Every structure is written in C-alpha cells, then in structure tokens.
Amino acid sequence: MNNDATYVEIIHLSDLHYGARHVFTMEPTADGRQAAAHGMPTLADKLIVDLTDPAQQPELPTIIASEEIGNPAFKFPPFPKLVCISGDLTQKGTLDEFRQAERLVERLRNDPELGLKKPDRIHFCPGNHDLNWTSRDDVERWDQYAGFLTRVTNKVHKAEDAAKFGGVQISHDTRTVVLSLNTETKVMAETGEQSRGDLHPTQLAWARQELERLPPDVVRDYIKIAMVHHHPVLLPSSAEAGRGYDAITGADKLLPMLHEHGFHVVLHGHKHYPHTFREDVRNAFVRTNDHSLFIVAGGTCGSTELPSPQIATQCYNRIRVHWCAQEGTTRVQVVTRGLVRFKENGSELMPDQWHWKTLGIDDRHHYARRRQASPQSTSMRYGPRVATNSDVNLARQAEYARTHGYFPVAEILPAMLPGQTAEVHLRIVHHPHRAHHPAAAGPEVSAVTWSGGDKWFPSVSVTKQDDPDFRAIFAYWGGALLQAEMNFSDGTSCISHVYVPMLNSQSAQ
Numbered sequence: 001m002n003n004d005a006t007y008v009e010i011i012h013l014s015d016l017h018y019g020a021r022h023v024f025t026m027e028p029t030a031d032g033r034q035a036a037a038h039g040m041p042t043l044a045d046k047l048i049v050d051l052t053d054p055a056q057q058p059e060l061p062t063i064i065a066s067e068e069i070g071n072p073a074f075k076f077p078p079f080p081k082l083v084c085i086s087g088d089l090t091q092k093g094t095l096d097e098f099r100q101a102e103r104l105v106e107r108l109r110n111d112p113e114l115g116l117k118k119p120d121r122i123h124f125c126p127g128n129h130d131l132n133w134t135s136r137d138d139v140e141r142w143d144q145y146a147g148f149l150t151r152v153t154n155k156v157h158k159a160e161d162a163a164k165f166g167g168v169q170i171s172h173d174t175r176t177v178v179l180s181l182n183t184e185t186k187v188m189a190e191t192g193e194q195s196r197g198d199l200h201p202t203q204l205a206w207a208r209q210e211l212e213r214l215p216p217d218v219v220r221d222y223i224k225i226a227m228v229h230h231h232p233v234l235l236p237s238s239a240e241a242g243r244g245y246d247a248i249t250g251a252d253k254l255l256p257m258l259h260e261h262g263f264h265v266v267l268h269g270h271k272h273y274p275h276t277f278r279e280d281v282r283n284a285f286v287r288t289n290d291h292s293l294f295i296v297a298g299g300t301c302g303s304t305e306l307p308s309p310q311i312a313t314q315c316y317n318r319i320r321v322h323w324c325a326q327e328g329t330t331r332v333q334v335v336t337r338g339l340v341r342f343k344e345n346g347s348e349l350m351p352d353q354w355h356w357k358t359l360g361i362d363d364r365h366h367y368a369r370r371r372q373a374s375p376q377s378t379s380m381r382y383g384p385r386v387a388t389n390s391d392v393n394l395a396r397q398a399e400y401a402r403t404h405g406y407f408p409v410a411e412i413l414p415a416m417l418p419g420q421t422a423e424v425h426l427r428i429v430h431h432p433h434r435a436h437h438p439a440a441a442g443p444e445v446s447a448v449t450w451s452g453g454d455k456w457f458p459s460v461s462v463t464k465q466d467d468p469d470f471r472a473i474f475a476y477w478g479g480a481l482l483q484a485e486m487n488f489s490d491g492t493s494c495i496s497h498v499y500v501p502m503l504n505s506q507s508a509q
C-alpha cells in the first residue's frame, strides 16, 4: 500500500427545502388539512438506505498492486466520507424547518456505517431561503440559522457574526480542508435581490487570511473543498428571465484566490440544476499555475420545485476525489443519484417504493505538467524515412506478423483507490498490416491474460465473449511493465508488453 495520494468521498446535498414544498411531506387534504404522515419515509431514511447499499459502493479496479491481494481477510480501506450541505436547508427559515434539518443531520451522524460521528465530518453554508428576509436587522435575519448551527456543531454561533459562518475547517482524519462561505450577508429583500449572491471584500480578506494560516503540510497534501450556495460561475443554461444576475458578485476575486491556494473542488446549489464543469481559465496577462477547479452544482434533494419538470427529479451527488501532491494529479468522479418516484409507465410509486438511481457519472482528471508538454525542436534530429527493405522496417513488419496486428494500449489516470497512486486502463486494439492480410482477415484474438510479473499483481484472463476489447484495470504506484498474453483463434499465441509510468514521473520509483 502507498500513502502518496489522498482520497475522500463527499456526500453533497443541496436545497433540501424542509417546509411546505419538501417532497417527503404529505400533501394537504382537499379541505386543506394536514394529511396523516404515518409511514411516509423521510429524506434521511432514503439517503441512508442508498448510502449504505453495498451495490452502490464505488467499484474497485480489477487488479491491484498489493502484497495483501492474496490474503482473503484483507479489505481495502474505505473512502473516508464528508457531508457538505450547500444551503437552502429550509423553505422559510423557521424554527420548525430547521428542526427537521437537524433530525437529518443527527440521523446521518449517528449511522455507524457512514462514519460521520466526528464533528468535522458534516459541513454547512446557508442559502437564500435560510434567513428572515422581512428584517434588515442582522440579528433578526440570522437568528434561526445561527441557532441551528450552534445546535448541530456544539459551538456557539452568533447571528451578528453571519459574515463568518463557516470559514476554514480542517479534518486531519480525512486530510481535507473545507472553506464554506455565506453568500447572503449583504443581499436584501428588494426586487431582484433575494436570489443574488454576494461576497464582500471584508469576507474575502477574512477567508484569505484563514487560508494563509494553514500549515504547509496541509496546504500541500490535503484535499481542499470550497462551498457556497450561489453559482460562482453563471452558465448561460442557468440564467433565468427576470432574475437579474443571481450568481455571486465577488466571484471574480473568489475564484483566483481558490486557484492560488490549490483548491480542488467547488460545491454549490441554488438553481436545482445539477451540472459539473472545470474552471481553468488562463489569462495571458497573468502568470498562473497549471491548476483546475472542478465545479459541482447540486440539484435539489428535497424540493418539489424542479427545472424542466418533465425530466428533472430530486437528486444528490456522491463525489470521489483523488489528490496526489507528489505527482500533481487530481481526479474527481461525480455520481449523481436521482430519486425515482414514478413507474416507467408514468404512474406514481408508493412512497415506500421510492428509490435512487444513477442519473449520470462525470469522471475528470487533471495533472499539472512539470515537464515540457512537447519536445523542443532543438532536441530533434530529422532524417529520411526508413528504407522498405531495411532491417528496421523488416523488424516492424515482423512484429505485425507475430501479433497479427493486435496490440495492447494503455490510458493512465489518477487512481480511485485508497493506497494506490495511479491506475491504467488496458485494452487490445487491432491494426493489421496490409502486407500480411491484404484480402482475407487473419486469426482473431480469442482471449487475453494480463499480468504484471511475480511481485505485485495477480493475473486475469478476459475472453472475447467477456469483452471484445479485452479490457482490464490495474491500480499501482511506481510504474509497471504489464504483459498481454494473446491467444488466437487458430491456436497460436504471442506475448506483448506495455510500460505504464506515473503521470508526472520521468521513471519508476
């Protein structure tokens, strides 16, 4: 096992909207009375079932570089988990609605399988529905949310300090830093204002100073997550008529600060529209590091107000993050789980039948280039093409003949497995040589056995019936020479190799 990389799974909930429009609330009766809710599941019920279902746990690579792989009692360490709730816990910011949100937090925190008992495992930021818009007095505006924070964190939060709700929170167990910011402090309940986000210079200076106090090893090695409620970047698809600019004013200062301090993920909610993208704008006038922010917008996991209601549903994100400071590699995998409330024919399911399904998976990676991306022209010496009958060209043709034009190829990614640094996705491709099979097709590969020597890897066999591309995934660290033993339909076989390095290393460790 190897500890170069850091891993975490973020359970990203947003826009719960406890209150009259919460989806796990019984609809009123025809005469407006409160319907009996006995047997109605809660959001916590359905989330915990989904999060603890073994069938929904992250898949592991098929072959692992590990001495322990032969030990049947060995289990790979689980991803440490965080919960990040990016605002709009309530519909109207009332005490009763916040009490419902508290019960969700308590259920998540006390479930033994989730491992969220410690106070640094659940993080919050407020949304535009979590304060009292009828008052201009900060104490009255933020009194209920401050009380909620005090109760769920066991730390006193005062309403008059609303600009400093959240801040920088370090979890040494999970090797993470979470920066949560309140984007509501200076936004008032005037026309077009109630939906806008704002970060004023005092808040940004405070956040920067908090980040500058982080220890060097935390800055270097820990996964860094920022959380706000509003969109830091308003995409055209999220703009709504009559809403004005309802992203964050001050985001032009926030995003460069997050880049400068090496943040990996930005979480937000607000629009009930789940999407992911990478923010890596380069300014020709400014010298910046090769760095990307992975921005994840959460849909609503609780509200009945949905965009494009024909296709939309309540949803939440399970986000796995890899960061390796030594290699400069980041990988972010976002699995969006949607609530299924209807049968395929359009009729409603009973609430006890509601369940989650995967709506989409976005898997992206980035590695900061530490060497020249391409060779310098001064290091290259061009010559004529090799002669047809030269030893060099005949050796190439012989290799085509030996392999019947089948070759192993590799794509290297940051690993998604604690204890590993990289993973390689292998497959066999066919590129026949015209000289050997000009008219009729030659023998085909019927099975491939992948292996990596006698030290680390077990071997695995894949038949054409299993997968016509003969794919396999190896998780490893330090580089490896991998072998493909190809068996052909005519009874012959041959062996070919591919070397897989670390993403940013000149050679194996």
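Take the UniProt record's numbering: the final residue in the sequence shown is number 509, and no numbers are missing along the way.
Backbone N, C-alpha and C fix where the C-beta goes; we use that ideal spot for every residue, glycine too.
All values derive from a computational prediction rather than experimental measurement.
| Item | Value |
| --- | --- |
| Are residue 334 and residue 295 touching if we call contact CB-CB under 8 Å? | no |
| With DSSP as the reference, please indicate the residues paired to residue 411 in a beta bridge. | 425 |
| Just mark residue 95 as buried or exposed, buried being the case when its beta carbon has 16 or more other beta carbons within 10 Å. | exposed |
| What does DSSP give as the partner residue(s) for residue 483 in the beta ladder? | 451, 497 |
| Would you list, in sequence order, the uninterrupted alpha helix (DSSP H) runs of no fewer than 4 residues that lie entirely inside the stretch 92-152? | 95-110 |
| Excluding the 5 residues flanking residue 336 on each side, which residues of the same chain have their C-beta closer than 6 Å to its C-beta? | 274, 315, 317, 359, 360 |
| What residues are listed by DSSP as bridge partners for residue 3? | Answer is none; residue 3 lacks a bridge partner. |
| What are the boundary residues of the alpha helix (DSSP H) that residue 343 is part of? | Note, residue 343: premise wrong, no alpha helix (DSSP H); not H, not E. |
| Per DSSP, which residues does residue 311 bridge with? Please list them. | Answer by DSSP bridge pairing: none, since residue 311 is not bridged. |
| Residue 93: which of 109, 142, 81 sits nearest, CA to CA? | 142 |
| Identify which residue in 216, 235, 270 has its Cα closest to the Cα of residue 89. | 270 |
| Name the one or two DSSP bridge partners that residue 82 has. | 10 |
| Rounded to whole angstroms, what is the Cα-Cα separation between residue 55 and residue 258? | 35 Å |
| Let me know the secondary structure DSSP gives residue 283 once reduced to three states. | coil |
| Could you please give the first and the last residue of the uninterrupted beta strand (DSSP E) stretch that includes residue 209? | It is not in any beta strand (DSSP E) - residue 209 instead sits in the alpha helix (DSSP H) that spans 201-212. |
| Which one of 453, 222, 488, 394 has the shortest CA to CA distance from residue 470? | 488 |
| Let's test the definition: count the other Cβ atoms within 10 Å of the Cβ of residue 292 and tell me whether it reaches 16, buried, or not, exposed. | buried |
| Is the Cβ-Cβ distance between residue 330 and residue 175 less than 8 Å? | no |
| Rounded to the nearest angstrom, what separates residue 119 and residue 112 at their Cα positions? | 14 Å |
| Can you look up residue 169 in the DSSP assignment and give me helix, strand or coil? | strand |
| According to DSSP, is residue 278 helix, strand or coil? | strand |
| Identify whether residue 508 lies in helix, strand or coil by the three-state DSSP scheme. | Its pLDDT being 46, under 50, residue 508 is placed unreliably in this model, and the value from its coordinates should be taken loosely. Coil. |
| Which residue wins for smallest C-alpha separation from residue 84, given the options 16, 137, 247, 346? | 16 |
| Looking only at its own chain, which residues have a Cβ that is under 8 Å from the Cβ of residue 495, when we skip the five neighbours before and after it? | 483, 484, 485, 486 |
| From residue 416 to residue 290, what distance separates their C-alpha atoms? | 22 Å |
| Rounding to the nearest angstrom, what Cα-Cα distance links residue 105 and residue 10 in this structure? | 15 Å |
| Is residue 222 helix, strand or coil by DSSP? | coil |
| Quick check: the stretch 342-362 against the stretch 395-403, are there 3 or more CB pairs under 8 Å? | no |
| Just how far apart, CA to CA, sit residue 122 and residue 338? | 21 Å |
| Would you mind working out which of 254, 186, 464 sits nearest residue 209, comparing C-alpha positions? | 254 |
| Around the Cβ of residue 3, are there at least 16 other Cβ atoms within 10 angstroms (buried) or fewer (exposed)? | exposed |
| Under 8 Å: do the stretch 199-219 and the stretch 161-176 share three or more Cβ pairs, one atom per stretch? | yes |
| Out of 137, 322, 344, which one is the CA nearest neighbour of residue 366? | 322 |
| Inspect the beta-carbon positions of residue 181 and residue 159 and report whether they are closer than 8 Å. | no |
| Between the Cα of residue 511 and the Cα atoms of 481, 263, 185, which residue gives the shortest distance? | Given a span of 1 to 509 for the chain in the structure shown, any question on residue 511 remains unanswerable. |
| In this structure, does DSSP put residue 417 in helix, strand or coil? | coil |
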